[in-house]
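Down below is the structure, laid out as structure tokens.
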Amino acid sequence: MSSPAGAGKTSLSRRLVADYADMVLSISATTRPARPGEEEAREYYFKSRDEFEAMIAAGELFEWAEVNGNLYGTPKAPVIAAMEAGKDVLFDIDWQGARQVAEKAPNDSVRVFVLPPSWSDLARRLHARAQDSTAIIDQRLALGKREIAHWGEYDYVIVNKDFDRAYADLIHIYRAERMKPGRNPWLPDFVSELAAEE
Ligand code: 5GP
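Numbering follows my numbering, in which position 20 of the sequence shown is assigned residue number 4; successive positions increment by one, without gaps.
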């Protein structure tokens, strides 16, 4: 899932993993310093640039990208462990990361882009959070403008005008994608048994 900051992607993804035990949220590594209220291993694994580059060199990242001068990446091992346990994994990543995931796992990934109802609404939400200075907010808004240019690469686009409605849309996407035949390895046996029944 991708979106400009402030469009509600984090709230949507947190709600989805809270409601669906089969969905887990991937925790990224980043070289960005923690914001007030953020905790190690909850929002991110906070790394130095050297540590992050060592993770890249060791092939430990499923995807990674530079966003606004900081490095962000998805640690591979927890994703593999979750998938082996039959879970779905939600990535809160930028368009560069979403593109890499789609290239590496074309049949196993679904890309969703979340748009704000208006740019002024987005700016208002970022200011209301009071997490960042005005200069940083302006920087995040400019980054958001570049992010939304990639909306057409996504499988689904949700306009988050109303949180409950946007969340309902997200669930519909998740449930429908979950019912694709190839995503349910138990189906062939199940159908064989059905066919064998009198
Ligand atoms: P923030 O610094 O606001 O938490 O995140 C900035 C941007 O980096 C957001 O668009 C977020 O989705 C993206 N991002 C966070 N983690 C990852 C990651 O692991 N990989 C990539 N490619 N982008 C990420």
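We put the beta carbon where it would ideally sit given N, CA and C, even for glycine.
Residue i: CB within 7 angstroms of a non-hydrogen atom of the ligand 5GP
i: Y4; result: no
i: T14; result: yes
i: W48; result: yes
i: S(-5); result: no
i: T58; result: yes
i: Q80; result: yes
CB of residue i within 8 angstroms of CB of residue j, strictly
i: Q84; j: E37; result: no
i: I77; j: T58; result: yes
i: A107; j: L125; result: yes
i: D6; j: D72; result: yes
i: E35; j: Y28; result: no
i: V1; j: A66; result: no
i: L55; j: R33; result: yes
i: L74; j: S(-14); result: no
i: V94; j: A(-9); result: no
i: A49; j: G81; result: yes
Straight-line gap, residue i to residue j (C-alpha atoms, nearest Å)
i: P17; j: F30; result: 7 angstroms
i: V191; j: A86; result: Residue 191 cannot be examined here, being either before or after the span of the chain that is shown, -15 to 182.
i: Y140; j: A13; result: 26 angstroms
i: P101; j: N144; result: 6 angstroms
i: A(-11); j: A61; result: 27 angstroms
Proximal residues to residue i (C-beta, below 8 angstroms), its chain only, five neighbours per side dropped
i: Y151; result: L(-4), R(-1) and L0
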